[in-house]
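Positions 19 to 352 (my numbering) are the ones given, in order, by the sequence shown. Beta carbons: idealized from backbone N, C-alpha and C, even for Gly. Bear in mind the structure is a predicted one, so any value in this text is a computation, not a measurement. Right, one structure below, let's go through it.
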Amino acid sequence: MTVRKHLCEILSSDPAIEVVGEAEDGKQAIELCRSLRPDVISLDMILPVMSGLTATEYIMAYCPTPILVVSSSVNRGELFKTYEALAAGAIELLEKPRPDDVDGSWERHYIAMLKLVARVKVITHLRARMGTIRELPAMPTIRNRASASHNCQLVAIGASTGGPGAIVEILRGLPADFSLPLVIVIHINAPFDTAFADWLDAQTNHKVRLAIAGQVLAKSCVYLAPSGQHLIVQGRKLQLTNEVPRHSCRPSVDVLFESIAMEYGSTAAACLLTGMGQDGARGLLALRQAGALTIAQDEATSVVYGMPREAALLGAAQRILPLSEIAPALAALT
């Protein structure tokens with residue numbers, strides 16, 4: 019039995035879901051999307067005739083539909099294509115079922131994830147019409163030193179759904195000589211975190227590494243929180259903890275932001291990007307109260323206006339900016 023047939027059987031077992039079509043390749047996926055206009059698409063990256071990445075780019079550019087990517091976690095090349103699909107507008111990522119998943123937990127998670135993705139109101143992703151994000155020129159940056167209100171020593175970013183595309187756009191928009199250390203928490207599953215750090219490293223001019231406990235923060239380096247552990251900054255070093263999840267998340271953006279508020283105070287800057295839920299909002303508020311520069315992504319450019327919306331409602335964001343303006347705002351801090 020193919021994985022596709024197995025997934026269709028799982029979905030058909032839920033009375034709230036109707037499987038309106040099955041595609042054997044990427045080209046057929048586009049044709050069925052155009053004719054059937056489904057509420058959500060479950061898509062593999064490795065497909066015959068036309069790849070899942072190419073299909074994603076076309077769908078998000080010409081018939082935008084929420085896409086859940088179901089990917090293998092063992093093939094590095096497939097994972098890189100998966101992140102390119104997320105940057106092109108796919109909503110979420112889920113690891114393919116393993117042979118040892120026999121208790122039905124993966125099936126339940128898959129159905130719940132697909133229903134969640136189906137609720138996202140996607141927009142036309144113009145970048146997809148221009149090809150994958152790695153082919154784009156770096157965003158121009160504007161150095162406006164007058165906007166830097168303090169001597170910034172560290173930048174932190176938090177994101178969730180829609181985060182891969184937003185983060186890579188910000189990193190590509192920062193100048194190559196951006197000298198501040200940058201720490202990132204994004205909600206991503208364990209099989210994908212190392213590959214995501216490697217993909218970011220390959221897509222930008224900045225050195226991106228998965229955070230290791232005890233690391234001393236270095237200038238011009240980007241540190242990504244590993245899945246399953248909270249990332250904090252303590253004694254100007256990175257530390258990892260196994261404390262209870264916050265907002266069902268580990269790593270949690272709140273946990274990172276709060277540690278930076280205590281450690282750096284007014285010499286930090288933080289951005290809260292697209293994502294479901296409220297993780298990061300109170301941490302951003304703690305940073306603003308400590309005198310840090312705080313930025314939230316605006317609604318128009320967020321894939322999901324959840325986390326930044328909560329921050330805006332709390333008054334945690336000193337500035338609410340479209341995605342294209344965040345990198346210039348950070349570049350001005352140097």
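Out of Met-280, Thr-319, Ala-177, which has the shortest C-alpha to C-alpha gap to Gly-293? Of the listed residues, the one whose Cα sits closest to Gly-293 is Ala-177.
Can you give me the C-alpha to C-alpha distance between Met-78 and Ala-136, rounded to a whole angstrom? 14 Å
Beta carbon of Ser-245 nearer than 7 Å to that of Ile-204: no
Residue interval of the alpha helix (DSSP H) (run including His-24): Looking at the DSSP string, the run of the alpha helix (DSSP H) that includes His-24 is 21-30.
Excluding the 5 residues preceding and the 5 following Ser-69 in the sequence, name in chain order all residues of the same chain whose CB lies nearer than 6 Å to its CB. Gly-44
Along the chain, where does the alpha helix (DSSP H) that runs through Lys-255 open and close? First-last for Lys-255: 255-259, but that is the beta strand (DSSP E), not the alpha helix (DSSP H).
Shortest alpha-carbon distance to Ala-299 belongs to which of Leu-134, Ile-175, Gly-95, Phe-214? Ile-175
Limits of the unbroken alpha helix (DSSP H) element including Ala-350: It is not in any alpha helix (DSSP H) - Ala-350 carries neither H nor E in the DSSP assignment.
For Arg-268, I'd like the list of residues in its chain whose CB is within less than 7 Å of its CB, leaving aside the five on either flank, ordered along the chain. Gly-246, Gln-247, His-248
Beta-bridge partners of Leu-290, as assigned by DSSP: Gly-176, Ala-314
Since I believe Leu-341 is in contact with Ala-184 (beta carbons under 8 Å), could you give me their beta-carbon distance rounded to a whole number of angstroms? Contact between Ala-184 and Leu-341 is confirmed by a C-beta separation of about 6 Å, below the 8 Å threshold.
When you compare the segment 270-285 with the segment 225-242, are there three or more beta-carbon pairs, one atom per stretch, that lie closer than 8 Å? no
On the three-state DSSP scale, how would you describe Ser-245? In this structure, Ser-245 counts as coil in the three-state DSSP scheme.
State buried or exposed for Ala-34, treating a residue as buried only when at least 16 other CB atoms are found within 10 Å of its CB. It counts as exposed.
Let's see if you can read the secondary structure: which residues bound the beta strand (DSSP E) around Lys-225? Run containing Lys-225: 225-228, per the beta strand (DSSP E) assignment.
Drop a sphere of 10 angstroms on the beta-carbon of Ala-146, count the other beta-carbons inside from all chains shown, and report buried for 16 or more, exposed for fewer. Because the pLDDT at Ala-146 is just 47, under 50, the model does not fix this residue reliably, and the point stays unresolved.
To the nearest angstrom, how far is the alpha carbon of Leu-332 from that of His-24? 44 Å
Start and end of the alpha helix (DSSP H) containing Arg-137? Segment: none, Arg-137 is in no alpha helix (DSSP H) and carries neither H nor E.
Can you list, in chain order, the residues of its chain with a C-beta nearer than 8 Å to that of Ala-335? Leave out the 5 residues immediately preceding and following it. Leu-290, Leu-302, Arg-306, Thr-312, Ile-313, Ala-314, Pro-326, Ala-329
Spatial neighbours of Leu-40 in its chain, beta-carbon cut-off 7 Å, leaving aside the 5 residues before and after: The question names Leu, but residue 40 in the sequence shown is Glu. For Glu-40, the CB contacts under 7 Å within the same chain, skipping 5 residues up- and downstream, are Arg-22, Cys-26 in chain order.
Classify Arg-254: buried if its beta carbon has 16 or more other beta carbons within 10 angstroms, exposed otherwise. exposed
According to DSSP, is Gln-307 part of a helix, a strand, or is it coil? helix
Looking at the strands, I want to know which residues DSSP matches up with Cys-51. Looking at the DSSP assignment, Cys-51 forms no beta bridge with any residue, so it has no partner.
Beta-ladder partner(s) of Ser-89, from DSSP: Glu-113
Grouping DSSP H, G and I as helix and E and B as strand, with all else coil, what is Val-251? strand
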